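Chemist: Taken in order, these protein sequences are the chains called W and H. Each residue of the first sequence is one higher than the one before, counting from 15 in the numbering used here. Each residue of the second sequence is one higher than the one before, counting from 15 in the numbering used here. Ideal Cβ placement from N, Cα and C applies to all residues, glycine included. Just so it is clear, the structure is predicted and the values come from calculations on it, not from any experiment.
There are 2 protein chains.
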Amino acid sequence: MKNKSQVVYDYIEELVISGQIKPGERLPSEAKLGETLEVSRVTVRAGIEKLSAIGLISKKKGGGSYVNFPNDLNYLQVFTPTILHNTDFYELLDIRKALDTLSVELCTQMISERDLKSLESTVKKMEHVSDGQTFFELDRQFHLDITKATKNRFLLNIQSMIWDVIEKSQRISYDKVANQSRLVEHQLILDAITARDVVQAKAYILSHLDKIIDTYQNEPITSSKVQ
Amino acid sequence: MKNKSQVVYDYIEELVISGQIKPGERLPSEAKLGETLEVSRVTVRAGIEKLSAIGLISKKKGGGSYVNFPNDLNYLQVFTPTILHNTDFYELLDIRKALDTLSVELCTQMISERDLKSLESTVKKMEHVSDGQTFFELDRQFHLDITKATKNRFLLNIQSMIWDVIEKSQRISYDKVANQSRLVEHQLILDAITARDVVQAKAYILSHLDKIIDTYQNEPITSSKVQ
DNA sequence: TTTAGAAAAGTTGTAATATAGGTTTTGTTT
DNA sequence: AAACAAAACCTATATTACAACTTTTCTAAA
Numbered sequence: 015m016k017n018k019s020q021v022v023y024d025y026i027e028e029l030v031i032s033g034q035i036k037p038g039e040r041l042p043s044e045a046k047l048g049e050t051l052e053v054s055r056v057t058v059r060a061g062i063e064k065l066s067a068i069g070l071i072s073k074k075k076g077g078g079s080y081v082n083f084p085n086d087l088n089y090l091q092v093f094t095p096t097i098l099h100n101t102d103f104y105e106l107l108d109i110r111k112a113l114d115t116l117s118v119e120l121c122t123q124m125i126s127e128r129d130l131k132s133l134e135s136t137v138k139k140m141e142h143v144s145d146g147q148t149f150f151e152l153d154r155q156f157h158l159d160i161t162k163a164t165k166n167r168f169l170l171n172i173q174s175m176i177w178d179v180i181e182k183s184q185r186i187s188y189d190k191v192a193n194q195s196r197l198v199e200h201q202l203i204l205d206a207i208t209a210r211d212v213v214q215a216k217a218y219i220l221s222h223l224d225k226i227i228d229t230y231q232n233e234p235i236t237s238s239k240v241q
Numbered sequence: 015m016k017n018k019s020q021v022v023y024d025y026i027e028e029l030v031i032s033g034q035i036k037p038g039e040r041l042p043s044e045a046k047l048g049e050t051l052e053v054s055r056v057t058v059r060a061g062i063e064k065l066s067a068i069g070l071i072s073k074k075k076g077g078g079s080y081v082n083f084p085n086d087l088n089y090l091q092v093f094t095p096t097i098l099h100n101t102d103f104y105e106l107l108d109i110r111k112a113l114d115t116l117s118v119e120l121c122t123q124m125i126s127e128r129d130l131k132s133l134e135s136t137v138k139k140m141e142h143v144s145d146g147q148t149f150f151e152l153d154r155q156f157h158l159d160i161t162k163a164t165k166n167r168f169l170l171n172i173q174s175m176i177w178d179v180i181e182k183s184q185r186i187s188y189d190k191v192a193n194q195s196r197l198v199e200h201q202l203i204l205d206a207i208t209a210r211d212v213v214q215a216k217a218y219i220l221s222h223l224d225k226i227i228d229t230y231q232n233e234p235i236t237s238s239k240v241q
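1. At 7 Å on the CB atoms, spell out the chain W contacts of H/Q106, in chain order.
2. Chain H beta carbons: is any one of them nearer than 9 Å to that of W/T115?
3. Go through its chain and collect everything with a Cβ distance to W/I227's Cβ below 6 Å, but skip five positions before and after it.
4. For H/K64, return the contacting residues in chain W, with the cut-off set at a CB-CB distance below 8 Å.
5. Rounded to the nearest angstrom, what separates H/E119 and H/F149 at their Cα positions?
6. Out of W/A112, W/E134, W/S79 and W/P37, which one is the CA nearest neighbour of W/L152?
7. Pull out every residue of the stretch 152–179 of chain H whose Cβ sits closer than 7 Å to any Cβ of chain W, in chain order.
8. Starting from H/V143, follow the beta strand (DSSP E) in both directions and report where the run begins and ends.
9. Measure the C-alpha to C-alpha separation of H/E49 and H/V30 and round it to an integer number of angstroms.
10. With a cut-off of 9 Å, does the C-beta of W/E141 fall near any C-beta of chain H?
11. Determine, using beta carbons only, whether W/V92 comes closer than 9 Å to chain H.
12. In terms of residue numbering, what span does the alpha helix (DSSP H) encompassing W/G48 cover?
13. Quick check: the Cα distance between H/I203 and H/A215, rounded to an integer number of angstroms?
14. Going by C-alpha to C-alpha distance, which of W/Q147, W/K162 and W/H142 sits closest to W/D129?
15. Against chain W, does H/V118 count as a neighbour if the rule is that its beta carbon must be under 9 Å from one of theirs?
16. What does W/I109 touch in chain H if you count any residue whose Cβ is under 8 Å from its own?
17. May I have the straight-line CA-CA distance separating W/T208 from H/K73, to the nearest angstrom?
18. Could you give the first and the last residue of the continuous beta strand (DSSP E) run that contains H/I71?
19. Taking the beta strand (DSSP E) that W/S79 falls in, what are its first and last residues?
20. Hey, would you say the C-beta of W/T148 is under 8 Å away from at least one heavy atom of the ligand NAD?
21. Within its chain, find whatever has a CB closer than 7 Å to the CB of H/T94; leave out the 5 residues flanking it on each side and keep chain order.
22. Mapping the DSSP letters down to three states, classify W/R59 as helix, strand or coil.
23. Using the three-state DSSP reduction, which class does H/R40 fall into: helix, strand or coil?
24. Using three-state DSSP, classify W/K131 as helix, strand or coil.
25. Quick check on DSSP: helix, strand or coil for H/N17?
26. Using beta carbons (cut-off 9 Å, strictly below), is H/S72 in contact with chain W?
27. Roughly how many whole angstroms lie between the Cα atoms of W/T136 and W/Q155?
28. Using 9 Å as the limit for Cβ to Cβ distance, is H/A60 near chain W?
29. Compare the C-alpha of H/D178 against each of H/K16, H/H157 and H/S79 and name the closest.
30. Which residues in the same chain have their Cβ closer than 7 Å to the Cβ of W/K225, if we skip the five residues on either side of it in sequence?
31. State the CB to CB distance for the pair H/I172 and W/I172, rounded to an integer number of angstroms; the pair is presumed to be in contact (CB under 8 Å).
32. Which same chain residues, not among the five before or five after H/K64, have their C-beta less than 7 Å away from its C-beta?
33. Check whether the Cβ atoms of H/L169 and H/S117 lie closer than 9 Å to each other.
Next comes the structure, spelled out in structure tokens:
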């Protein structure tokens, strides 16, 4: 069951994601939001408080609440819905290259048989999936399972965050760069991990990400916001 | 000027950092906290709301608020004050190896003369500093300036987050692993960047982090909490 | 004594109202 | 058109109240 304050949170987040309120712009006042969503000001404040904690918005006493710019050092917003431009996507992929490489490296060295089985099953599932959303979830699961096998909590946290960003920007870009054509690539990565071949695994995952970048470059994503 | 709700936030965070309230344990009730800090329940709730947004605590309606375990997938807590054990430190350094390598690589390729000057000045300042806290700040600035030069916002966000974690665990571990003996290492990294030598720069930063790990291993940190 | 269930106490979620202390907008005067 | 004052607006905090849920305590039955 969803809190009312969570409803407020989601509502405002959606306003920002959809571009109805852009960085630098002011939110409706707490009173107004309460009226719109038919909740009390206390509840509105609770939702806004959270959004401010993760750095999406800033509050100015007496002056209102404003959507933050993504380039400010409000670093908690890493995962906030501000990744809507081409540049962001490349930035993210650079980071993925570094962290996914680390992930497969550690994973290959220490993955258990049990985790390996689970990884295999994920790849198997991908073969029979045509639905884009489902494929996305399997894709995320595959990569996060690799990271999970490293037993590095921080790494898993950061990677989860990154996939959260990918998900939030998904409707704009994801289906253009990730689909069934990626199946073989996943299979190769899995084989290398199974063979405990660190060098090969690293090579395959780098190639995997490079191909995503290639696809992306051939089919550039407009930076127009979704409606 | 600090908000009252921020006072609540800091107070509770400190309770967790110092280990007075451990993961899984319950916080004092909102009413109790308000009484202790002499603020209203509204204010207490505002502070707690934020802590819940970043994943440090969970709230149960009717049941109280609890400190989260760090291994739950509440990934926003990446930067929360839960990094207090030896294992965490190694995990973090693995990540730093991947991301700092990426940072110097991108930085070396595209740093401006102006940013380079600023980097030099930071290293220069380090020579004349004996105070641990000041050295920490310069150390952070050096590494974050390198990342800043990459123009990759996400990378900067993540790195800032990581240094935030380091800072919060600093009183336990930092002064044991980072001090003047690291000066030469920074100088070498800077020289390689100045020479636009990517390979050398990557080698030096990896060596830098490996030496930190070495120091740490020779002087293991107790996992006892500070008081 | 143990146990099951009911009652009580405790706790968070939300609401309505009020005030203080800021900021932004509006209006008026020069 | 500019400067200043006033009004309107907005967030921060406090108080009080009640709903809804959880935990603890008490009581009665086995």
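Modeler: The relevant details are as follows:
1. Note on residue identity: the sequence assigns Leu, not Gln, to residue 106 of chain H. F168, listed in chain order.
2. yes
3. Contacts found: L107.
4. E63, K64, S66 and A67
5. 24 Å
6. W/E134
7. Those residues of the stretch 152–179 of chain H that come within reach of chain W (Cβ to Cβ, closer than 7 Å) are N166, R167, F168, L169, N171, I172, S174 and M175.
8. It is not in any beta strand (DSSP E) - H/V143 carries neither H nor E in the DSSP assignment.
9. 19 Å
10. no
11. Its pLDDT being 42, under 50, W/V92 is placed unreliably in this model, and the coordinates cannot settle the point.
12. Residue range E44 to L51 is occupied by the alpha helix (DSSP H) that includes W/G48.
13. 5 Å
14. Among W/Q147, W/K162 and W/H142, the Cα nearest to that of W/D129 is on W/K162.
15. no
16. L113, L116, N166, F168, L169 and I172
17. 41 Å
18. I71 to K74
19. G78 to V81
20. The model on display carries no ligand, and the ligand NAD is accordingly not part of it.
21. For H/T94, the pLDDT reaches just 45, beneath the cut-off of 50, and the residue's location in the model is therefore unreliable, although a value from the coordinates is still provided. Cβ neighbours of H/T94 beyond the five flanking positions: I68, G69 and L70.
22. helix
23. strand
24. Note: W/K131 maps to helix in three-state DSSP.
25. coil
26. Taking Cβ atoms only, chain W never reaches closer than 9 Å to H/S72, which makes this a no.
27. 7 Å
28. When Cβ-Cβ separations below 9 Å define contact, H/A60 makes contact with chain W.
29. H/H157
30. E199
31. 6 Å
32. Y23
33. Result yes, Cβ atoms of H/L169 and H/S117 sit closer than 9 Å.
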